Amino acid sequence: MSLFVKRFLLLPVMAAFIFSSCKENVPADETSACEEQADMRYGINADDYLCEQGVVGSGDYFGGLMYMAGLDDNALQRVINASEGVFDIRKIKIGNAYEFFYEKDSTAEKGRAAYFLYERDAMSNVLFSLREPVSVQVVDKEIEHTHKYAEVEINSSLWVDIEQAGATPVLALKLADIFAWTIDFFALQKGDSFKVIYDELSYNGEFIDIDNVSYCEFVHNGALYKSVMFRDGDNSGIYWNENGESLRKAFLKAPLNFTRISSRFTYRRKHPIYKVVRPHTGVDYAAPMGTPVVAIGDGTVISRGWGGGGGNTVKIRHNSVYTTAYLHLSRYGEGIRKGVRVKQGQIIGYVGSTGASTGPHLDFRVWKNGTPIDPLKMESPSVGPVSKENMEAFLATYSSAKRELDSLSTLKYVDRILEVLK
Numbered sequence: 326m327s328l329f330v331k332r333f334l335l336l337p338v339m340a341a342f343i344f345s346s347c348k349e350n351v352p353a354d355e356t357s358a359c360e361e362q363a364d365m366r367y368g369i370n371a372d373d374y375l376c377e378q379g380v381v382g383s384g385d386y387f388g389g390l391m392y393m394a395g396l397d398d399n400a401l402q403r404v405i406n407a408s409e410g411v412f413d414i415r416k417i418k419i420g421n422a423y424e425f426f427y428e429k430d431s432t433a434e435k436g437r438a439a440y441f442l443y444e445r446d447a448m449s450n451v452l453f454s455l456r457e458p459v460s461v462q463v464v465d466k467e468i469e470h471t472h473k474y475a476e477v478e479i480n481s482s483l484w485v486d487i488e489q490a491g492a493t494p495v496l497a498l499k500l501a502d503i504f505a506w507t508i509d510f511f512a513l514q515k516g517d518s519f520k521v522i523y524d525e526l527s528y529n530g531e532f533i534d535i536d537n538v539s540y541c542e543f544v545h546n547g548a549l550y551k552s553v554m555f556r557d558g559d560n561s562g563i564y565w566n567e568n569g570e571s572l573r574k575a576f577l578k579a580p581l582n583f584t585r586i587s588s589r590f591t592y593r594r595k596h597p598i599y600k601v602v603r604p605h606t607g608v609d610y611a612a613p614m615g616t617p618v619v620a621i622g623d624g625t626v627i628s629r630g631w632g633g634g635g636g637n638t639v640k641i642r643h644n645s646v647y648t649t650a651y652l653h654l655s656r657y658g659e660g661i662r663k664g665v666r667v668k669q670g671q672i673i674g675y676v677g678s679t680g681a682s683t684g685p686h687l688d689f690r691v692w693k694n695g696t697p698i699d700p701l702k703m704e705s706p707s708v709g710p711v712s713k714e715n716m717e718a719f720l721a722t723y724s725s726a727k728r729e730l731d732s733l734s735t736l737k738y739v740d741r742i743l744e745v746l747k
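Numbering-wise, our numbering comes out as the position in the sequence shown, counting from 1, plus 325.
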């Protein structure tokens with residue numbers, strides 16, 4: 326029997342199972358697990374209180390919010406004292422959400438405020454207990470982890486096509502980071518595609534971030550690239566190909582994100598300003614003014630300053646073989662000066678149009694043993710592979726992830742067929 330027929334026949338069975346799972350084995354005098362449960366938040370039964378939500382607005386301050394909730398000066402001072410060393414109440418931010426929990430009086434009307442919950446950041450809240458004994462604590466948000474699968478084929482742009490596939494565009498940034506050393510994301514073309522398994526974080530139904538990208542298969546220019554998430558002890562690299570070789574190379578493929586190449590490496594280019602033919606031993610990346618520029622690898626800054634036609638320039642020696650330079654910067658990264666060690670991915674400057682330039686762009690240059698080379702053709706050795714003692718565990722992780730992706734891909738294919746046959 327074909328997989329299509331099997332799945333088609335399974336649909337009513339699955340539906341019946343899902344429907345009956347909330348009905349059977351539930352005594353009439355007990356609350357079913359399928360019925361609505363108490364709204365518990367950080368040990369507080371919100372159903373016992375009248376809750377009022379708000380957002381910090383312009384001109385709001387902590388004391389003002391407390392006065393609004395009915396606290397007097399003495400009560401406010403006790404809260405301030407309890408906050409010391411836990412949360413700086415002066416740092417409440419415009420746009421952050423908050424919620425008051427008010428006691429109910431005998432008529433179920435609003436009484437005094439019992440709790441104040443303030444959104445500190447994407448991952449945590451600050452819970453103020455306003456009743457005696459007053460207390461303040463930072464609490465982790467009740468984050469929802471959702472295991473997801475996505476398939477995307479590039480037709481217009483990575484960002485747009487991911488959105489049209491029903492996934493978050495943040496996935497584009499995650500994949501660009503994972504494959505930064507193996508896929509040139511400036512050169513993605515129509516027909517490229519990927520399948521990916523990942524975990525999404527959300528709070529109260531609102532997307533926060535992508536947590537883990539456990540497995541991905543990316544087809545670029547006809548070649549298949551795989552990424553497997555696996556932590557090899559203290560090894561900093563966590564993404565590997567199917568053979569346990571690190572996806573992290575000695576150098577990034579490019580020193581900035583999501584732009585276009587406006588001029589390539591050549592020994593015969595008519596200069597746009599001087600109108601004469603001269604060598605252009607670098608690659609020009611057109612990008613918005615102020616776009617962060619990062620070091621493509623660990624190294625030492627050997628010069629930082631005005632480079633004539635190159636404008637504001639940073640030059641980095643990575644090892645005895647490779648040196649890179651970043652020209653036309655609008656300004657330099659924090660702490661960037663001659664002699665400073667930089668890490669791969671560290672911001673060393675921002676896109677500008679200083680020097681002999683017709684518009685915002687980065688002129689990126691690479692030297693190998695003192696000779697200019699085309700940055701787009703530079704080879705980069707990988708970091709060491711998964712350790713021998715962990716290779717068996719890695720291969721088991723890869724096999725499991727591969728089976729899961731293949732299964733999800735097959736189900737999605739069958740769903741598309743079923744949709745057509747409706």
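Cβ coordinates follow ideal geometry from the N, Cα and C atoms, glycine included. These figures come from a predicted structure and were not determined experimentally.
Q) Exposed or buried, what is His-643 when buried is set at 16 or more other beta-carbons lying within 10 Å of its beta-carbon? A) buried
Q. In angstroms, rounded to a whole number, what distance separates the CA positions of Phe-689 and Ile-487?
A. 29 Å
(Q) I need the DSSP call for Glu-409, collapsed to helix, strand or coil. (A) coil
Q: Answer with buried or exposed for Val-380, where buried requires no fewer than 16 other C-beta atoms within 10 angstroms of its C-beta.
A: exposed
Q. Which partner residues does Met-554 have in the DSSP bridge list?
A. Tyr-564
Q. Thinking C-beta only, is Ser-454 closer than 7 Å to Tyr-440?
A. yes
Q.
Within a Cβ cutoff of 8 Å, which residues of the same chain sit near Gly-382, ignoring the five residues on either side of it in sequence?
A. Ile-419
Q. Are the Cβ atoms of Ile-414 and Ser-408 separated by less than 7 Å?
A. yes
Q) Run through DSSP, which three-state label would Pro-697 get? A) strand
**Q.** Completely contained beta strand (DSSP E) runs for the segment 368–435, where each covers 3 or more residues
**A.** 374–380 and 422–429
Q) Can you check whether the CB of Val-495 is closer than 7 Å to the CB of Ile-535? A) yes
Q.
The alpha helix (DSSP H) that contains Val-719, what's its start and end?
A. Sequence inspection shows Phe at residue 719; the Val mentioned does not correspond to that position. Start and end: 716–746.
Q. Quick one: is the Cβ of Trp-484 within less than 6 Å of any heavy atom of the ligand HEM?
A. Ligands in the displayed structure: none, and consequently the ligand HEM is not present.
Q: Could you say if the segment 555–574 and the segment 512–531 meet the contact criterion of at least three C-beta pairs nearer than 8 Å?
A: no
**Q.** Any 3 or more C-beta pairs closer than 8 Å across the segment 610–626 and the segment 730–745
**A.** no
**Q.** Between the CA atoms of Tyr-540 and Gly-695 - distance to the nearest angstrom
**A.** 39 Å
Q: State buried or exposed for Arg-629, treating a residue as buried only when at least 16 other CB atoms are found within 10 Å of its CB.
A: buried
**Q.** Range of the contiguous beta strand (DSSP E) that encloses Asp-502
**A.** Segment 495–503 is the alpha helix (DSSP H) holding Asp-502; no beta strand (DSSP E) there.
Q) To the nearest angstrom, how far is it from the Cα of Asn-480 to the Cα of Tyr-427? A) 53 Å
Q | Residue nearest to His-605 in terms of C-alpha spacing, selected from Ile-533, Gly-491 and Thr-591 | A | Thr-591
**Q.** Of the residues Gly-491, Gly-709, Ala-497 and Ala-475, the one placed nearest Trp-484, counting alpha carbons only
**A.** Ala-497
Q: Write down the C-beta distance between Gly-634 and Tyr-651 rounded to the nearest angstrom, noting that I regard them as a contact closer than 8 Å.
A: The Cβ separation is near 14 Å, so there is no contact.
Q | CA-to-CA distance, Ser-712 to Phe-576, given in whole angstroms | A | 22 Å
(Q) Here's a check: name, in chain order, each residue in its chain whose Cβ is nearer than 6 Å to the Cβ of Asp-557, leaving out the five neighbours to either side. (A) Val-711, Ser-712 and Asn-715
Q. Where DSSP assigns a beta bridge to His-643, which residues make up the other side?
A. Beta-bridge pairing links His-643 to no other residue.
Q: Output the boundary residues of the beta strand (DSSP E) element that contains Ile-673.
A: 672–676
**Q.** Segment limits, beta strand (DSSP E) that includes Gln-462
**A.** 460–465
Q: Could you tell me if Ser-725 is buried or exposed, where buried requires 16 or more neighbouring beta carbons within 10 angstroms of its beta carbon?
A: exposed
**Q.** Gln-489 to Tyr-392 span [Cα, whole Å]
**A.** 47 Å
Q. Buried or exposed: Asp-354, going by 16 or more other Cβ atoms within 10 Å of its Cβ?
A. Model confidence at Asp-354 stands at a pLDDT of 43, short of 50, so the residue's coordinates are unreliable; what they give is reported in the following sentence. Asp-354 is exposed by the Cβ-count criterion.
Q. Excluding the five sequence neighbours on either side, which residues of its own chain have a C-beta within less than 6 Å of the C-beta of Lys-747, listed in chain order?
A. none
Q) Leu-526 bridges to which residues according to DSSP? A) His-470 and Asp-534
Q. For Val-745, does the count of other Cβ atoms within 10 angstroms reach 16, so buried, or fall short, so exposed?
A. exposed
Q. Whole-angstrom Cβ separation of Leu-513 and Leu-687, contact assumed at under 8 Å?
A. In fact, because the Cβ distance is near 19 Å, the residues do not count as touching under 8 Å.
Q: Flag this pair as yes or no: are the beta carbons of Gly-677 and Ser-655 separated by less than 7 Å?
A: yes
Q. Alpha carbon to alpha carbon, what distance is there between Phe-425 and Asn-406?
A. 19 Å
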